[in-house]
Amino acid sequence: MTKAGTILRRSMMEIILVLLCIALSFEASGFLTAENLLNVLRNVSMQGVIAFGMTMVIISGEIDLSVGSAVAFTGCLMARTVELMSGQLLHLSQTAAVVVAIPITIVAAVLVGMATGYLRVRFRVPTFISTLAWMTILKGAAELVTNGFPIQSFPEWFNFIGGGYVFGVPFPAIVFVLVFAIIHFVMNFTKFGRSVYAVGGNAEAARLSGIKVTRTKIVVMATVAGLCAVAGIMQASQIMSGAATSGVGWELDVIAAVIIGGTSLMGGAGRVWGTFVGVIFLGVLVNGMTLLNISEYWQHVVRGALILLAVLINVAPTAKSARESA
Amino acid sequence: MADAGRLEAIALRKEYPGTLALDDVSVAFEGGRVHALVGKNGAGKSTFIKILAGTVQPTSGQVLVDGRPVQLRSASDAFAQGIATVYQELSLVPGLTVAENILLGRLPQKGPLIDWARTFREAQSILDGMGVSIDARRIVRELGVAQKQVVEIAKAMSFNPTAVMLDEPTSALAQHETEMLFGIVRQLAAKGVVVIYITHRLHELRQIADTVTVLRDGRLAGRIEIADSTPEQIVHLMFGEVVKRRRPTHTVNQAKPVLEVEGLAKAGKFHDVSFSLRAGEVLGIAGMLGSGRTELLKAIFGAEPADSGEVRLGGKSILPASPSQMKDFGVALTPEDRKAEGLVQILSTRANLCLASLDRIAVRGFTTQARERAAVQTLVGGLAIKAPNLEDAVSALSGGNQQKVVVGKWLNTKPKVMLLDEPTRGIDVQAKQQIFEIIWSLSEQGIGSIIVSSELEELLEVCHRILIMRHGTIVGEASPEGMTADELTVRCMEDE
Chain Z
61 MTKAGTILRR
71 SMMEIILVLL
81 CIALSFEASG
91 FLTAENLLNV
101 LRNVSMQGVI
111 AFGMTMVIIS
121 GEIDLSVGSA
131 VAFTGCLMAR
141 TVELMSGQLL
151 HLSQTAAVVV
161 AIPITIVAAV
171 LVGMATGYLR
181 VRFRVPTFIS
191 TLAWMTILKG
201 AAELVTNGFP
211 IQSFPEWFNF
221 IGGGYVFGVP
231 FPAIVFVLVF
241 AIIHFVMNFT
251 KFGRSVYAVG
261 GNAEAARLSG
271 IKVTRTKIVV
281 MATVAGLCAV
291 AGIMQASQIM
301 SGAATSGVGW
311 ELDVIAAVII
321 GGTSLMGGAG
331 RVWGTFVGVI
341 FLGVLVNGMT
351 LLNISEYWQH
361 VVRGALILLA
371 VLINVAPTAK
381 SARESA
Chain R
-4 MADAGRLEAI
6 ALRKEYPGTL
16 ALDDVSVAFE
26 GGRVHALVGK
36 NGAGKSTFIK
46 ILAGTVQPTS
56 GQVLVDGRPV
66 QLRSASDAFA
76 QGIATVYQEL
86 SLVPGLTVAE
96 NILLGRLPQK
106 GPLIDWARTF
116 REAQSILDGM
126 GVSIDARRIV
136 RELGVAQKQV
146 VEIAKAMSFN
156 PTAVMLDEPT
166 SALAQHETEM
176 LFGIVRQLAA
186 KGVVVIYITH
196 RLHELRQIAD
206 TVTVLRDGRL
216 AGRIEIADST
226 PEQIVHLMFG
236 EVVKRRRPTH
246 TVNQAKPVLE
256 VEGLAKAGKF
266 HDVSFSLRAG
276 EVLGIAGMLG
286 SGRTELLKAI
296 FGAEPADSGE
306 VRLGGKSILP
316 ASPSQMKDFG
326 VALTPEDRKA
336 EGLVQILSTR
346 ANLCLASLDR
356 IAVRGFTTQA
366 RERAAVQTLV
376 GGLAIKAPNL
386 EDAVSALSGG
396 NQQKVVVGKW
406 LNTKPKVMLL
416 DEPTRGIDVQ
426 AKQQIFEIIW
436 SLSEQGIGSI
446 IVSSELEELL
456 EVCHRILIMR
466 HGTIVGEASP
476 EGMTADELTV
486 RCMEDE
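Take a look at the structure:
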């Protein structure tokens, strides 16, 4: 393949995204306004934060299907903790209760992620199965924590986290870009990040090179869980309550963004930047379709078809080499 | 004897880009006899078999079955023309019955439905005809390895073949199972079938084969009647003249031991292993496949820890528990299986060369591509790794260059002991010499190496001292001075 061809292939998603934006700015009135674009950014930022963690997970050769339920659970846990701490239990001020509840929520999520990782490396439970179980467990736990009704226990200022603006930029969007920068740095410039690629590419070769495969996988699963808590807190802040119905179906959008971004389903290959583009692409697509008054039913069909297409592009080289070696 | 078949190869030639895998091989196999086919790695054995099995197309030459020329464009062509192959990787479907596996893809039908009664009857009659007592209704998963191998043969026999090729059928079998299999193989021959038996276990030849056909460097090195041959003769045909040795002459007798192993044991793998390795010494472990040599290296490296025994590094007793711990102690392992264990195929050559030394390249956990490239550059030059682009996937490199990457990734970890498991497997002669030179230059720097290899003539070339391993324990020691590969082979195979 020529050099230009390689660059074209590598940046295919970026090109498609730009073309889509150009098309929408002509066709959909109101697309190319600062307000709308910031709105897109805010809409994708919570799922986007998780998508960066999911990128690590998929590169490491695993999957996490429980992210949607984790968002619901952490939002509810947050609301419930604030309620208990500021209410009959500790008589803290609401502000103090929020400050205490945030680390508790994140730690709880991280522990769940560590458990998944531990089950994977110690008992070889595939994450496809264990996170499917967590999906149900966390959903149930969210219902239990809230008793089935949304808890509204947050102080007014708390809405800033999910709904506020800094110099006109939505706060969640700032968190989104920040998390992107951190994960991008970790994956490309730290020993740990490089180990994640090695473990996902060939865990046995990594182990025999003295890389701590066990620790790597546990940390990766804990990271995505922790990011779910960040998203869950932002989501709870946006709707100013802890609701067990949050995050339904998010796992699909998050995984779709990662795959569209070019991360290999087989593990070992992928770029955090690709996921960034994938997240924005999905956000622009949904926004554009809404502006064009395309019915929600069709939107579902289009998004699903797109995921299929992305996976086809993703596995095409592998399938070709499989045929050749057969 | 029934009508005996005949399988002939005439001037078979196979060129791959850059190599000549088969160089005009002509040989005829008569039915009613067991023909052993032997040859060291890279001799062209597997190319030869693949051509006869229809999975590789020859550049030129012809195959004759019973005197008529046949076109073998695919595996199914070969079966249709009467050449059946039984591969060592079992190709059975574990969840299905024996009968279904034997008749897979050709199940007898009654209208749109499977005729189960006939399926079981036909399969059973093939099994009975082979004189084995396996119930055709059993699920394959429940069978032992030897029985599975028999089912494979039954599957091949269901095609009523002229010739059957058996690719290392005993490599996973225990002694008594091997004998049962030999019984079946002899029966096949007695029916007039051409039996071609591929093996690397030279001691089996006398038990099972009537003739031995030897390939070397893509050519027919010779064909002899087993009754008229000696083991040394066969080994000589396989390996040719022993290559000249260029081992470094510096003496290591006075050097301090860097690694001492005492009474190391792991249930079912090896037992009672004791030896020591001096600084700068190149120590070989000679042994047949399954002698426990790979497991021993992995135990010393902490990858598959031993059950009991002692390992001392520089006089200090340690308990090998994990590769990352042993790496910190200065022990390195290059695994036998380059693809599955040595390299992360999907990653770049640069990333693979950094794999073991990320701790050293990264400063407080942080690394950059520039820093990695700098660390790798000296390795690429020093090891003469031929890679058009270090950022391309390592899988694009040739086998020899991949092996240099496997060795090279450890050199930045400042090892004191290198454990090399089959470091020359599947690489060309020139790359082998380069790997030897790397090992010798490590030796001159005082790094001790342990090399496990089934290519005994290579051990004679590269090692200062050779341990002989058999049935999981070290049974003796040999000095390469004045020893021939034939003698060493005989010592490795001697039965207790």
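Taken in order, these protein sequences are the chains called Z and R. If you read the first sequence in my numbering, its first letter stands for residue 61, the second for the next number, and so on. If you read the second sequence in my numbering, its first letter stands for residue -4, the second for the next number, and so on. The beta carbon of each residue, even a glycine, is placed where N, CA and C say it ideally should be. Everything numeric in this text was worked out from a predicted model, so none of it was measured.
Give me the DSSP bridge partner(s) of residue i.
i	result
R:His30	R:Ile191, R:Thr206
R:Ala158	R:Ile78, R:Val189
R:Asp416	R:Val447
R:Val358	R:Phe361
R:Arg214	R:Arg211
R:Lys311	R:Leu308
R:Ala184	Per DSSP, none; premise fails for R:Ala184.
R:Ile464	According to the sequence shown, residue 464 of chain R is Met rather than Ile. According to DSSP, which records beta bridges pairwise, R:Met464 is partnered with R:Ile469.
Z:Ile319	Note: Z:Ile319 sits in no beta bridge, so no partner.
R:Phe270	R:Val256
Z:Gly302	Z:Ile211
R:Ala388	R:Ser343
R:Glu220	R:Thr206
R:Ile134	R:Thr92
R:Phe265	R:Lys261
Please report the Cβ distance between residue i and residue j, rounded to the nearest whole angstrom; I am assuming they are in contact, meaning their Cβ atoms lie under 8 angstroms.
i	j	result
R:Val389	R:Leu338	5 angstroms
R:Leu98	R:Thr114	6 angstroms
Z:Cys288	Z:Val127	5 angstroms
R:Val33	R:Thr194	6 angstroms
R:Val145	R:Val127	5 angstroms
Z:Asn374	R:Gln340	Rounded, the Cβ-Cβ distance is 17 angstroms, inconsistent with contact.
Z:Ile340	Z:Leu77	7 angstroms
R:Ala327	R:Thr408	6 angstroms
Determine the chain R residues that contact residue i at a beta-carbon separation under 8 angstroms, and present them in chain order.
i	result
Z:Glu122	The premise fails here: Z:Glu122 is roughly 16 angstroms from chain R at the closest Cβ pair, so nothing lies under 8 angstroms.
Z:Ser71	The contacting residues do not exist; Z:Ser71 stays about 16 angstroms from chain R at best.
Z:Gly223	Chain R residues near Z:Gly223: none, gap ~36 angstroms exceeds 8 angstroms.
Z:Leu68	Per Cβ cutoff of 8 angstroms: no residues; Z:Leu68 is ~17 angstroms from chain R at best.
Z:Ala266	Val339, Leu350
Could you spell out the range, first to last residue, of the alpha helix (DSSP H) harbouring residue i?
i	result
R:Leu141	Rather than Leu, the amino acid found at residue 141 of chain R in this sequence is Ala. 140 to 152 is the extent of the alpha helix (DSSP H) around R:Ala141.
R:Thr14	Where R:Thr14 is concerned, there is no enclosing alpha helix (DSSP H), although the beta strand (DSSP E) it sits in stretches over 14 to 25.
R:His231	226 to 234
Z:Val160	154 to 183
R:Cys487	480 to 488
Z:Val346	332 to 351
R:Asn407	Here R:Asn407 belongs to no alpha helix (DSSP H), and DSSP marks it neither H nor E.
Z:Glu74	72 to 87
R:Lys293	288 to 295
Z:Trp217	Segment: none, Z:Trp217 is in no alpha helix (DSSP H) and carries neither H nor E.
Residues of chain Z with CB under 7 angstroms from residue i, in chain order?
i	result
R:Thr362	Phe249, Thr250, Lys251, Arg254
R:Asp72	Near R:Asp72 there are no residues of chain Z at all, since even the closest Cβ is about 16 angstroms away, more than 7 angstroms.
R:Asp354	Lys251
R:Glu336	Glu264, Ala265, Leu268
R:Lys404	Ser269
Note down, in chain order, every chain Z residue with its Cβ under 9 angstroms from the Cβ of residue i.
i	result
R:Ile341	Tyr257, Gly260, Gly261, Asn262, Ser324, Met326, Gly327, Gly328, Ala329
R:Gly467	Neighbours of R:Gly467 on chain Z: none; closest Cβ ~22 angstroms, over 9 angstroms.
R:Ala346	Arg254, Tyr257, Ala258, Gly261
R:Lys381	Result: empty, since nearest Cβ-Cβ is about 20 angstroms, beyond 9 angstroms.
R:Pro330	Glu264, Ala265, Leu268
If I follow the unbroken beta strand (DSSP E) through residue i, where does it start and stop?
i	result
R:Glu3	1 to 11
R:Glu255	252 to 261
R:Leu498	Any answer about residue 498 of chain R is impossible in this case: the structure gives chain R only from -4 up to 491.
R:Ala473	468 to 473
R:Gly304	303 to 308
Z:Leu98	Here Z:Leu98 belongs to no beta strand (DSSP E); instead the alpha helix (DSSP H) covers 94 to 119.
R:Glu326	Reading off the sequence shown, one finds Val at residue 326 of chain R, where the question assumed Glu. Note, R:Val326: beta strand (DSSP E), 326 to 329.
So which residues of chain R does residue i contact, with C-beta pairs closer than 7 angstroms?
i	result
Z:Gly270	Pro318, Ser319, Lys322, Ala351
Closer than 8 angstroms by beta-carbon distance: list the chain Z residues that pair up with residue i, in chain order.
i	result
R:Glu147	Near R:Glu147 there are no residues of chain Z at all, since even the closest Cβ is about 20 angstroms away, more than 8 angstroms.
R:Ala369	The contacting residues do not exist; R:Ala369 stays about 15 angstroms from chain Z at best.
* Sequence ranges, alpha helix (DSSP H) only - wholly within the stretch 223 to 296 of chain Z, length at least 4 -> 231 to 249, 251 to 261, 263 to 268
* Hey, which unbroken runs of the alpha helix (DSSP H) at 4 residues or more fall wholly within the stretch 38 to 113 of chain R? -> Considered as a whole, the stretch 38 to 113 of chain R harbours 40 to 48, 70 to 75, 93 to 97 as its complete alpha helix (DSSP H) runs of no fewer than 4 residues, in chain order.
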